[in-house]
Every structure is written in C-alpha cells, then in structure tokens.
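In the order they appear, the protein sequences are chains A and B. Heads up: take any position in the first sequence, counting from 1, add 160, and you land on my numbering. Heads up: take any position in the second sequence, counting from 1, add 1, and you land on my numbering.
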Amino acid sequence: MNGLIFDLKHYAVHDGPGIRLNVFFKGCPLHCLWCHNPEGISFQPELMLMPNRCAHCGDCVRSCRYEALSQNSEGVVSVDRTRCTLCRDCLEACQREAIAMAGQEMSVDEVVNEAEKDRIFFEQSGGGVTLTGGEPLAQPAFAASLMGELKKRSIQVALDTSGYADPEVFLQLAKKADLILFDLKIMDNKKHRKYTGVANDMILDNLKSLDKLGIPVWVRLPLIPGVNDDVENLEAMANFLSGLKLIKMINVLPYHKGGVEKFYRLGRDNEFAVYTPPSEDKVEAVIEFFKNKGFRVKKGG
Amino acid sequence: MNQRVKKLREQSLNTRPSISSERARIVTEAYRSPEVQTASFPVQRALVFKALMEKKSIFIDEGELIVGERGPAHKATPTYPEVCCHSLEDLEILNSRPKTSFAVDEETLRLYHDEIIPYWDGRSMRDQIFAQMTPEWKAAYEAGIFTEFMEQRTPGHTVLGDKIYKKGLLDIRKDIEESLAQIDFLNDPEAFDKQEELKAMAICAEALITYARRQADLAREMAAKEKNSERKKELEKIAATCDWVPAKAPRDFWEALQYYWFVHVGVTTEYNTWDSFNPGRLDQHLYPFYKKGLEDGTLSEDWAKELLQAFWVKFNNQPAPPKVGVTAEESGTYTDFALINLGGLKPDGQDGVNELSYLILDVIEEMRLLQPSSMVQVSQKNPDPLLLRALKIIRTGFGQPSIFNTDAIIQELLRQGKNLEDARKGGASGCVEAGAFGTEAYILTGYFNIPKVFEITLNNGIDPRTGKKIGLETGEAVNFQSFDELMKAFEKQMQYFIDIKIRGNNLIEKLYATYLPAPFLSLFIDDCIVKGKDYHDGGARYNTRYIQGVGLGSITDILASVKHNVFDHKVLTMAELLEALNRNFEGHERLRDRFINKTPKYGNDDDYADNLARQVFETYFKTIDGRPTVCGGTYRINLLPTTVHVYFGKVTGATPDGRLAGEPLSEGISPVQGMDRKGPTAVIKSVSKIDHLKTGGTLLNQKFTPQLLADEEGLVKLKDLIRAYFKLMGHHVQFNVVTADTLRQAQKFPEKYRDLIVRVAGYSDYFVDCAKELQDEIIRRTEHQGL
C-alpha cells in the first residue's frame, strides 16, 4: 500500500518526546490561512520552484515537453500549472534542485525502512515516529497500515492531527498511537470555518472521544495574533480542556512566517494571510494563562 | 571569578606572544662546553637540561599561586635551535605574519645572527632530517601527499599518569639507582647505553629539584619584602611548596598542582614536544587531595577553584612553540593541545565522575581560555548530569569541552595490546588521540592526504598541479574498464606513498633516538626507568606511531561520484571527467551542480556512499596498521586534521565531488562541508559505519545554532544523540555553536551550508531553505543570544 508523502524529517525534536522521524502526509481537509506547511494542503503532487537555488540556465525549460515552464527576461522561471503533467522531466534536468516535487508515493516498507535507520536514536531518547502533515487521517488506510507495522516493530508512534476526520476513522487510528498531538485552533465555530475552511464540531467531538481511549494527548495551539489569541477564545479552550482527563500538556506554537515563502514556491500566492508574529511577552502571557488553569504548558512542540 | 583570577586572566589574554632567545642562548653555550661535547648523547641532553634549569630566568608575578614559566615572561616563547634553527627570514615572518605571530626583538635577531645560526645551521635535527630523506620522499612531501611532524618539533605526544602524585623525584631517583644496579654488564650488549640513559635521567631529576629550589628562594625573598600580610603568607606557602615538590610526593591540593606544573615546565623546556604535555585525568588525580583537604579543613571548594583557575592561566601563558612552513599550515594555532580529561572510568572499571569533575567544569566555563583544552570522557557508566553540564558549556559557543566515548577508547587501546587497567587509565589527548596515560609514547608522524593520492591515480602517477611524476604508473584512467580496476590502482598508489612515509619515519625515529633523547620526559613515562631506555627509543611500556588520514569525507564523495557518474550511470566518460577537472569545472558548471546535488554523498546514511567510506578506511587501515617501527613500536591509524585539510586542499586540484581546485578538504571523519542534508542522525549513522575501534581516534565536527540548545529539552535530546553515537562506538564529537557571522556566510554561499539546521520557532529547518526575511530574523536572534 502506498501513501503520498511530502517529506521525511530526521532528528525531529519538536513534535513529541525524544528524537523522532516526522512523516509528512500530503493532503489536508483544512486550509488554514497561516499554514506553515502549505505543500501539505493539496492531495496531489505539486511542483515547487526554489528561485534561490536557480542558476537561470534554462535546462528545465528546454526539458519540458508540455511548454509548462518559461523564463522571463531576467531568466526567472515560472510554471504554468495548467499545462504541467507532473512528469518530472524538469526535476531530472535541473542539476541544482531548484525544482522539487512536493509529494511522492511511498510504500509502508519504504517509510518503515527510514524509521529503522533511526531506531538507535528512538530507543536512546524515548522517541519514535510522528505522523504529521498535512493530515495523516486523510489517508486512513495507509496511516493505519504504517502505524500497525511500526507498532509491530516496537517503534513508538505519535499522531499529529487536526482532528478533522470521520469519528470512526479517527478512533480507529487514534487507538494505534502512543501519543496524540491534537491541534486546537479556534473554539468559535463560525470563526473556525472562516480561517480554516471547515467547522469545528467534529474536531471537538473527536478530542472529547479520546478521553475514553486512555491515550495521552498533547494539545497544540498555534497562536495567531488577531485570530485566536483573544481572551474569549483562550477561556473557551481552557474550559473545554478542563473537562478532559488525558490532556498531558499544551504546546503553544507561536505563529511564524516560515510558510509564506512556500506558498509562493507552490504558486499559491493568494491563499494565505500574513500576520505579525506574537511578541515574546504575549506568548509568555498565554503560557501563564494556561498554567494558572492547572495545565502543563510548553512553548513549541 | 575573584579579582586575583580576573587580573591573571586579563594579563594572559592581553599579552602578545613573543620569541625569547634565552633558551637558544643557554643551549648553544652548553653545547659548546667540553663537558657536553665529550659526553654520551643522553648525558649531553641531561647536561643541557641542567644548564637550562640552573640558568633560565625566573619570576613570580603579582598574585600568582602556581609558579614557574617556560620562558622569562608570560607568553615569551623559547626556541629550540637543536631541533629547528630558525633563519632570520623565519624570524621576520614570525614577527609579521597576520595569524599566530610572535614579536621578535632586535636582540633576538642579533643573537641569532651572531651565535645561534652560525652554530646550528646544518646541524639541527631539521637539517639532518632533510639531508637524509630520499628524492621520492621529498617529491611527495613537496606535493602535499603528507606532512612530517618531527621536522620542527620533537615527538612528545604523551600524557602524564598518576606517578607524580605518589612519588617525588627523590623516590624516582631511588628507582633509577635500582635500575642501574640491575644492569648486567657481563651479558647485556646494551649495558652501556642503559647506564648512560639512567645517569642522564638522574641528572634531570636533580635539575628540576634545583629549579624548584630557585623558585622557593625567590618566593622567600619576595615574602621578606612583602608589605601585604596576606600576600606575604601566600609567598611563604609558595616557598614551602617549592621546597617540598617536586623533590617529595605532594601532600595537599596546592602541592599536587605545583608539582604537575614543574613537570610541565620541565617537559616543555627540554624540548618543543608535539602537544605541550598534559596532566590527563585531572579530576581523578586531584580527587584524593581535594577530599583530604576538605576533610581536614585546609581546603575549601572556593579555594580549590581559585587554585585551579590560577593553574589554568599558566597553560594559557604558554603558546605553542613557533611553527613555520608546512608545519605552520598543518597546525596553525597558538593552542598546544593540553587536553584535560574529565569523567570516564576508574582503573577498577567503576564510574570515575566525582565532585571535582563538576568543579573543574565550572572552572572551564568561567575561565574561557584557549588553553588548556578540555574534554569529558563519557562511559555508559557515567551519569547524564556530567554530559548535560558539559553541553551547557558547549552551547555558550566556545568550542569546549569536546566529548569522548570512554568505552570506545578502552576497546581501541585493548585492541592495540594494552592491559585493561592501563587502558582504563587512558583517555584522549591532542585533538582526539587515544593513549594509555603515563605508559605510552603515541607519536603522530604526519598527515596523509588521501584525496591527493586519488588525484595522482587519476593522472597515472603525475601530479597535475606541477606536472611532475611523483607516483607509480598505475595505468591511464581512461583505460580502466571497471570501478574495481580504478580502486586497485588507487590502493597500489596508496601503498606506494605510505611506504615512502614509513621509510622516512623510520629514519627520523632513529635520528631522535640516537641524537636527541629525552631523559627528562623519560622520568615520568613508565617503563623508561625499569628498561633503562629513553622515551624516544622505545622506553615506554607501549610504543605507537600514527599516520593521520585526512579527507575521508572528500575521498568518499569523490569515489561515489566516479562510481555513480562514470561507471554505474555513464553520465559522462572518464575522459570528459578528466577534462572537466583539468578546467576546474570552467564551462562545466551544470556538471559540477550534478556532482554536488545529484550524486550520493557521505553523511546521509546512504550505503552507496558510506560503503565506499568503509572500503577506503579498510584500505588505509590495512596499509598501515600493525607495521613495526624501528624502536619497537607499532604503526596505527587515526583520522584527524587539525588545520591541515586547508593546506591539503590548497595543493589538490578540482575533484569529482564538485570541489573546486584549492578548496579545503573535509575534516576528520565529518562529511564534506554542507553535503550532509538529512540531519545529525544520518551523519552519525554514516560516520559510525567505519570501525572506530580499529583507530586511535577519529574526529567528528557538528554545527548547531544556540537556539536549538536553548532549553533543557533541546539539551537532553542532544545528549541522547551523543549517547546513541557512543552506543554505535563513535570515538569523539565536538560541537561548533554557530555564530551570526557564520549565518551571514551561509546566506551568501548557501551551497556550502546546506547542512546548517536552525531553530525557527517551534520547529527547525535548514537555514538555506528559509526565506531571506526569516534568515535575517534568525541572524538577529543569534546575534542577540550569542556572546
């Protein structure tokens, strides 16, 4: 069975305990305007142009059989995505890796082999594999099979999810994880829909349902100034989370502009918003807020 | 840090190194005396040492607690004309060069012109060595195939064990008497040599006692004049200390430090040994004195720290002896590689970490001096807090301490034939070299440029830089039908140059053993006294000679590229490759991009490349390991570069890994700069595929930005990374915490920094992949958090 994966990151140290391998699933039902991994949104492979690596030699343009690539007078390459067939010829032609393909088919074995390479680090540090994305639950069969194989090999698995999935699928996969990293963004349903493209009822219900499973959960709060850092939202979150027994920690993830460049590389120039990263003081205040409510809180993952 | 220490430290930092001609003068005068001229070589050297100890200027500076210096002032650096006689031109260069310069005054130039050069020119060891070397050796040396450690400095390269903490020099003299009494003058053909050597040792022991007494007298004189009652007391204690040690075994913490320091001054005055000298397992050796002092109330934690800090400054006052020419290029630094070892195991195999290990780490962090260097030994039996404490110092970005795997070092030493207890008493010195402290001469003989040998192979024995034929004709590269044929030619070529190196080494070893023995150093390394044999002549219990391989990462990427692009995928022909190299990739830029970006690279846990690293490693190992040396030692390998990868790069043309002519080679066992793109776990996996236990040391450099290590969790994960590396039997790792300047370079030359990981916010990313705006922000942050 194959999945569509857009990156494997070794020595991942911010997404669960210990030293981890992050497996990035491509495709996400949400479209958050602050997304820092926008190459994880589409369920299709996508070309990414890296102008900072480009030598403007034109090799890619010449290699394209579909006239999808072109250069302007300064030699800057652009892609007509309506013409591109994702044939990969330009990737072969470019010797500088200035064109990349976000998303490649990988089998469970291929991913597991990458994880096995890092076994000694997992065992030493209490780490393992984190399924993230994108949204791992959006490729449920592959995710289930991968998690099953990892468990069989005694490799710990964390599931990093938006929680937006069919409850049955959600529970079935959650059961296979040793830890759930659960994104909680906005409590107000209307606002949630505005900024992420989907409603949050199913997300909240899924989070609640975890309590019955007895699997530890770290709640991840991306802190987006002007979107979800208001007292009302934070209070609502705290209230909601207070009712749950298995919340072991809240990770406050301050907004950063790391995703902006990637939106451009993907040609998704109009699909994001730019915010001002929260000040240190603001982040500290939010951390304090949750600490005062009795939660264990950490900046970052 | 209190006022005294602050002042001593500032003074050390602010003093410019200078050349002192005093030693050269005393040595030359001594050699002219009839007594020296008629003596055996060991006794000659002992009489020269005696003259130095009796005549060299002494001083005790304000506030000093540990006394004695190698030169007549702080950072006044002696010369060793009997080893290497500097020309007037050398002295001018030393005075004016931009890096590692030494002030040279008119008086020194005059003395050199009138006395030193006329006496030593043509007679120094350096002159003798170059006169003896074969044309093949000279051609290879000039081409930059290898360097020669002993052409300007003497072997040295050993570390003190626990002997001086148990025996004074008077006790050691008794050992000498006993050994003399054992000589079989009827049957032993070496009887006379042994007698002379032991006589020489006795003279040296006496000479150091004399030197200490001179210091005691000076301290007493100063005490008598001192108005400040506290300083008066200190000077009186200094006098009493110097009366007692080194003649007798130390009784307290202060005496133990002072005794070591006298020995250090002695060793570094006798010769300009490679790697000044080194107390080795300092926390182990001093612990009994520390504990006793705390118990009987003569010592407090603060006072112990202050004494250690005063001791630390002494090392920093002694820059490495001046080096010129190729030797300056291979080791371009003031540091003289006194590497203090902390942690590790006790001789009985138990955890050796104690309170003093932590106290010394505090000293290292506060002092922040170039010298001495420091390291922590980490065994599986050692607790995590030691490693975490060390990492906290490392993240401040000062490059110390480095981290070593005790369990690997012990196995390396056992494989070389040391007994278990001697192995456990050992550690690493210099950069990363494993040794049995107090019992081994483990001498580095020179660096070996592995990629250059491959370049010569590709050119059928010719060095393309000069057009000279310096290697074997192993066949035109275009005629090789398979990668294996090419490898066979490369192996033959390597064997040829290693043979040239070893032949040269053997002569040099004998020259030192005969003409420049080291009777003072021999007092302290077992079993020189029992054997009646000099340290330079195989007197130590274990005798090892190293040839240090350089450019493992480069050669692996070079081979991977040739195999991948020429043989496996036939991207281009050998002739086309040679053409591109010959043109330094001019007009072949995309080909170079392919070599850099689309060719397997060492450091990414990719067996295609890593298996080639293993193959080259095994070839290098088999070519050298186990071969005998002339004085009863054995050849071994290690993989470290100091600064020679820059020099070796300068003499090596463009290479098939995409490296341009003249650019540095990779260092140690690290991947080629910027070519490891899968993060630190992949690097560790790759570099662990070579068998570290077959070496006497490997060096791995890793880069980190301070943010990655900012919080406790980051430190713990790094600690686990290191523990995992050590489970894989890696030998050593050191961390360069990246500065804002480095990040700016990375912004300018992204292709060289593709391995650089930075913490962005809640996540980490490759720096070169971040948008410019974000890079700027990270630079600002790094600047802010840096020092």
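Every residue gets a Cβ at the ideal spot worked out from N, C-alpha and C, and that includes glycine.
{"Asked": "is_contact[A655 (chain B), chain A] using C-beta, thresh 8 Å", "Found": "no"}
{"Asked": "Neighbourhood of A258 (chain A) by C-beta, 6 Å cutoff - its chain only, sequence neighbours within 5 removed", "Found": "M210, R213, C214"}
{"Asked": "Residue(s) in a DSSP beta bridge with Q316 (chain A)", "Found": "A:G288"}
{"Asked": "Cutoff 8 Å: F342 (chain A) Cβ touching any chain B Cβ", "Found": "no"}
{"Asked": "Local Cβ density within 10 Å of V364 (chain B), reported as buried at 16 or more and exposed below that", "Found": "buried"}
{"Asked": "Inter-residue Cα distance where the pair is D429 (chain A) and P300 (chain A)", "Found": "30 Å"}
{"Asked": "Opening and closing residue of the beta strand (DSSP E) in which N96 (chain B) lies", "Found": "Segment 89-97 is the alpha helix (DSSP H) holding N96 (chain B); no beta strand (DSSP E) there."}
{"Asked": "Beta-carbon contacts of Y261 (chain B) that lie in its chain and below 6 Å, excluding the five residues immediately before and after", "Found": "P280"}
{"Asked": "Reference L775 (chain B); option with closest CA among B:Q748, B:G588, B:R46", "Found": "B:Q748"}
{"Asked": "For K753 (chain B), the nearest candidate out of B:A610, B:A741, B:I779, B:G675 (CA to CA)", "Found": "B:G675"}
{"Asked": "Residue closest to N273 (chain B), alpha-carbon to alpha-carbon, out of B:L387, B:K164, B:M126", "Found": "B:M126"}
{"Asked": "Chain A within 8 Å of P384 (chain B), Cβ atoms only", "Found": "no"}
{"Asked": "H733 (chain B) and L694 (chain B) closer than 8 Å at C-beta", "Found": "no"}
{"Asked": "Ordered list of alpha helix (DSSP H) runs contained in the region 369-444 of chain A, each at least 4 residues", "Found": "391-402, 420-425"}
{"Asked": "Boundaries (first-last residue) of the alpha helix (DSSP H) holding Q549 (chain B)", "Found": "No alpha helix (DSSP H) holds Q549 (chain B); the beta strand (DSSP E) holding it covers 543-551."}
{"Asked": "Simplified DSSP state of A258 (chain A), which is helix, strand or coil", "Found": "coil"}
{"Asked": "Neighbouring residues, chain A, relative to E1 (chain B) (Cβ below 8 Å)", "Found": "Absent from the structure is residue 1 (chain B), since the part of chain B shown begins at 2 and ends at 788."}
{"Asked": "Nonlocal neighbours in the same chain, by C-beta distance under 7 Å from G787 (chain B), ignoring five residues either side", "Found": "Interpretation of G787 (chain B) is limited by its pLDDT of 40, a score under 50 that renders its predicted location unreliable; no figure is taken from the coordinates."}
{"Asked": "V434 (chain A) burial status per 10 Å Cβ neighbour count (16 or more: buried)", "Found": "exposed"}
{"Asked": "P251 (chain B) classed as buried or exposed, judged by whether at least 16 other C-beta atoms fall within 10 angstroms", "Found": "buried"}
{"Asked": "S430 (chain B) versus G436 (chain B) - alpha carbon distance", "Found": "7 Å"}
{"Asked": "Residue environment, I444 (chain B), which counts as buried when at least 16 other CB atoms sit within 10 Å", "Found": "buried"}
{"Asked": "Cβ-Cβ distance between N544 (chain B) and A442 (chain B) below 8 Å", "Found": "yes"}
{"Asked": "Within 8 Å, strictly: CB atoms of I691 (chain B) and A772 (chain B)", "Found": "no"}
{"Asked": "Within chain B, partners of Y435 (chain A) - CB distance below 8 Å", "Found": "Per Cβ cutoff of 8 Å: no residues; Y435 (chain A) is ~13 Å from chain B at best."}
{"Asked": "Residues in the region 671-703 of chain B having any Cβ partner in chain A nearer than 7 Å", "Found": "K679, G680, P681, T682, A683, K686"}
{"Asked": "Contact with chain B by I179 (chain A), beta-carbon distance below 8 Å", "Found": "yes"}
{"Asked": "Amino acids of chain A, ordered along the chain, whose beta-carbon sits closer than 8 Å to that of K728 (chain B)", "Found": "I280, Q284"}
{"Asked": "First through last residue of the alpha helix (DSSP H) which encompasses S799 (chain B)", "Found": "Outside the displayed range of chain B (2 to 788) lies residue 799 (chain B), so it cannot be described from this structure."}
{"Asked": "Selection from B:S102, B:K382, B:V314 that minimises the alpha carbon distance to L92 (chain B)", "Found": "B:S102"}
{"Asked": "Pick from B:L181, B:L209, B:R214, B:T682 that is closest to L199 (chain B), judged by C-alpha positions", "Found": "B:L181"}
{"Asked": "Assigned secondary structure, K311 (chain A) (DSSP; H/G/I helix, E/B strand, else coil)", "Found": "helix"}
{"Asked": "Buried versus exposed call for S13 (chain B) [16 or more other C-beta atoms within 10 Å across all chains shown]", "Found": "buried"}
{"Asked": "Chain-order list of residues whose beta-carbon lies under 6 Å from that of D558 (chain B) (same chain, five-residue window excluded)", "Found": "K602, Y603, D658, V673"}
{"Asked": "Proximity to Y636 (chain B) [Cα-Cα], best of B:L573, B:F498, B:T446", "Found": "B:T446"}
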